[in-house]
Amino acid sequence: MSPHTKPKFKNPRAKYNFQGRTCSVAGVGAYVPSRVLTNADLERMVETSDEWITTRTGIKERRIAGAEEYTSDLATHAAQRAMANAKVKPEEIELIVLATITPDMPFPSTACLVQRKIGAYRAAAFDLEAACSGFIYGLEIAQQFIMSRTYDTVLVIGAEKLSSIVDWKDRNTCVLFGDGAGAAILRNRPDSHGLLTAVMGADGRKSNLLFMPGGGSRCPATADSVHNRMHYLRMEGKETFKNAIQAMQTAAQEALARCEIDITRIKCIIPHQANRRIVDALGERLGAKPEQLFVNLHKYGNTSAASVAIALDEAVSTGRVQQGDLILLIVFGAGLTWGAAVIEW
Ligand SMILES: CC(C)(COP(=O)(O)OP(=O)(O)OC[C@H]1O[C@@H](n2cnc3c(N)ncnc32)[C@H](O)[C@@H]1OP(=O)(O)O)[C@@H](O)C(=O)NCCC(=O)NCCS
Numbered sequence: 081m082s083p084h085t086k087p088k089f090k091n092p093r094a095k096y097n098f099q100g101r102t103c104s105v106a107g108v109g110a111y112v113p114s115r116v117l118t119n120a121d122l123e124r125m126v127e128t129s130d131e132w133i134t135t136r137t138g139i140k141e142r143r144i145a146g147a148e149e150y151t152s153d154l155a156t157h158a159a160q161r162a163m164a165n166a167k168v169k170p171e172e173i174e175l176i177v178l179a180t181i182t183p184d185m186p187f188p189s190t191a192c193l194v195q196r197k198i199g200a201y202r203a204a205a206f207d208l209e210a211a212c213s214g215f216i217y218g219l220e221i222a223q224q225f226i227m228s229r230t231y232d233t234v235l236v237i238g239a240e241k242l243s244s245i246v247d248w249k250d251r252n253t254c255v256l257f258g259d260g261a262g263a264a265i266l267r268n269r270p271d272s273h274g275l276l277t278a279v280m281g282a283d284g285r286k287s288n289l290l291f292m293p294g295g296g297s298r299c300p301a302t303a304d305s306v307h308n309r310m311h312y313l314r315m316e317g318k319e320t321f322k323n324a325i326q327a328m329q330t331a332a333q334e335a336l337a338r339c340e341i342d343i344t345r346i347k348c349i350i351p352h353q354a355n356r357r358i359v360d361a362l363g364e365r366l367g368a369k370p371e372q373l374f375v376n377l378h379k380y381g382n383t384s385a386a387s388v389a390i391a392l393d394e395a396v397s398t399g400r401v402q403q404g405d406l407i408l409l410i411v412f413g414a415g416l417t418w419g420a421a422v423i424e425w
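The numbers in my numbering rise by one with no breaks, and the one at position 243 of the sequence shown is 323.
Set out below in structure tokens:
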């Protein structure tokens, strides 16, 4: 580069002298179950309407896993697709980070179950719980291991079978969520800056806005806990809505500032796919053009940790993102947690 050419953006990691090492997304993959649950189907289950769900959320349908199909199965399909796209063999994977709030069971980790299903026996494996923000938390963890040269190849997965914790009698929540999985293989790639920065945040003072009371050490499963519907998620919709927009805006602006770029430089903005009104309000606050925003929530609803991973896979496979483009991922979830990441594709 000529000394007079202004650099395209600042790589915030460069000051740590990683000697040219980067953390790039070498391949992505996604999987959603085949069963479609439409708004018309929900009209037959609870007091709701397609009109209400569409205008308040933008969601038209969501995917529901079969009774014998678990989070580890969804995760395995997505992981195998990401591995094929990245041309990575199971024995090359050194770490599996799986973000979920719906593990197959409390332990062992679903990451270990996936390790077995894909045959990645060299890999360390663990689950990560940051609710809907889990995929960005996972990317940042993977990046730390790759930049420090601890590992060369890391598999990050966001996978959920939310249908297993949704109260199908509660119209306030059951219309919002769906099942699915997305995965990424992260590696050092000399011709790309890769993951430029990832902002992560949390506010445990607002843990009461979105939670599941039963099933943990505080309220183990009993006949009473089942009777009182404690094993389903609960949410304060309005407060969650307000916090989501604010936290995602702040995280995105911080990520852009670290890279010394403005929103116009971003080719594709992929926000957490929870609610169309949240996406639109966020886009407006960031000063983004509608065509910069990637939205597929009408097809899948909110798939929590899988949400931005599924959307990223679709953005890549449909050609919305080309090598060299800048992508902005933005997430928000229970905890509360939030995050934003800038990636050079
Ligand atoms: C849940 C959400 C869609 C509700 O939209 P809203 O505009 O805030 O709606 P309100 O809560 O004001 O509810 C309005 C009315 O619709 C009713 N309602 C709720 N769900 C309904 C449904 N599925 N069908 C029909 N009516 C419904 C409510 O009972 C309420 O009725 P009331 O006024 O008689 O009490 C919205 O708050 C939201 O998206 N919140 C964030 C959710 C989220 O993203 N969570 C995950 C974060 S990771």
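For glycine and all other residues, C-beta sits at the position ideal for the given N, C-alpha and C.
Practice task
Starting from the Cα of LYS167, find the closest Cα among THR134, VAL105 and CYS299 and give me that residue.
Solution key: Checking every option, the nearest Cα to that of LYS167 belongs to VAL105.
Exercise for the section: Please classify VAL396: is it buried, with 16 or more other beta-carbons within 10 angstroms of its beta-carbon, or exposed? Expected result: Looking at its Cβ environment, which holds 16 or more other Cβ atoms inside 10 Å, VAL396 is buried.
Exercise for the section: Kindly indicate the opening and closing residues of the alpha helix (DSSP H) around ARG124. Expected result: Where ARG124 is concerned, there is no enclosing alpha helix (DSSP H), given that its DSSP letter is neither H nor E.
Problem - Alpha carbon of MET81 to alpha carbon of ILE216, nearest angstrom - result: Reliability of the predicted coordinates at MET81 is poor, the pLDDT of 46 falling under 50, and the value obtained from them is presented with this limitation in mind. Between MET81 and ILE216, the C-alpha separation is close to 31 angstroms.
Handout entry: Proximity of GLN372 and ILE341 at Cβ, strictly below 9 angstroms
Key = No, the Cβ-Cβ distance between GLN372 and ILE341 is not below 9 angstroms.
Handout entry: Candidates VAL112, LEU362 and ALA389, of which the one nearest GLY146 by Cα
Key = Measuring from the Cα of GLY146, the nearest candidate turns out to be VAL112.
Practice task
Inspect the beta-carbon positions of LEU256 and ASN165 and report whether they are closer than 9 angstroms.
Solution key: Result no, Cβ atoms of LEU256 and ASN165 do not sit closer than 9 angstroms.
Exercise for the section: In angstroms with no decimal places, state the Cα-to-Cα distance between THR277 and ALA303. Expected result: Cα to Cα, the separation comes out at about 47 angstroms.
Practice task
Determine, using beta carbons only, whether ARG142 and ASP259 come nearer to each other than 9 angstroms.
Solution key: Here ARG142 is near ASP259, since their CB atoms are less than 9 angstroms apart.
Practice task
Look at the Cβ atom of ALA420, then the Cβ atom of GLY238, and state whether they are nearer than 9 angstroms.
Solution key: No; because the gap between Cβ atoms is not below 9 angstroms, this pair is not in contact.
Exercise for the section: Return yes when the Cβ of GLU240 is within less than 9 angstroms of the Cβ of ILE181, no when it is not. Expected result: Yes.
Practice task
For THR128, verify whether its CB is less than 8 angstroms away from any heavy atom of ligand 1.
Solution key: Because some heavy atom of ligand 1 lies under 8 angstroms away, the Cβ of THR128 counts as near it: yes.
Problem - Proximity test, ILE181 beta-carbon vs ligand 1 heavy atom, cut-off 8 angstroms - result: Not so, every heavy atom of ligand 1 lies at least 8 angstroms from the Cβ.
Exercise for the section: Could you check the C-alpha separation between PRO83 and GLY404 for me, to the nearest Å? Expected result: Note that PRO83 scores a pLDDT of 49, beneath 50, so its modelled location is shaky; the value from the coordinates is reported in the next line. Going by the C-alpha atoms only, they are around 21 angstroms apart.
Problem - Among LEU409, THR137 and ALA120, the one whose alpha carbon lies nearest that of ASP130 - result: Comparing alpha-carbon positions, the option among LEU409, THR137 and ALA120 lying closest to ASP130 turns out to be ALA120.
Practice task
Evaluate TRP248 with the Cβ neighbour count: other Cβ atoms within 10 Å of its Cβ, from every protein chain shown; 16 or more gives buried, anything less gives exposed.
Solution key: By the 10 Å Cβ count, TRP248 comes out exposed.
Practice task
Compute the beta-carbon to beta-carbon distance between ALA414 and CYS103, rounded to the nearest angstrom, for a pair I have assumed lies under 8 angstroms.
Solution key: Taking 8 angstroms as the upper bound for CB-CB distance, ALA414 and CYS103 are not in contact here, some 27 angstroms apart.
Handout entry: Span of the beta strand (DSSP E), counted from its first residue to its last, around GLY413
Key = Under the DSSP assignment, GLY413 falls in the beta strand (DSSP E) whose first and last residues are 406-413.
Problem - Beta-bridge partners of LYS379, as assigned by DSSP - result: DSSP lists no partner for LYS379.
Exercise for the section: Would you be able to state if there are at least three C-beta pairs under 8 angstroms between the region 190-197 and the region 364-378? Expected result: Result no; under three Cβ-Cβ pairs closer than 8 angstroms.
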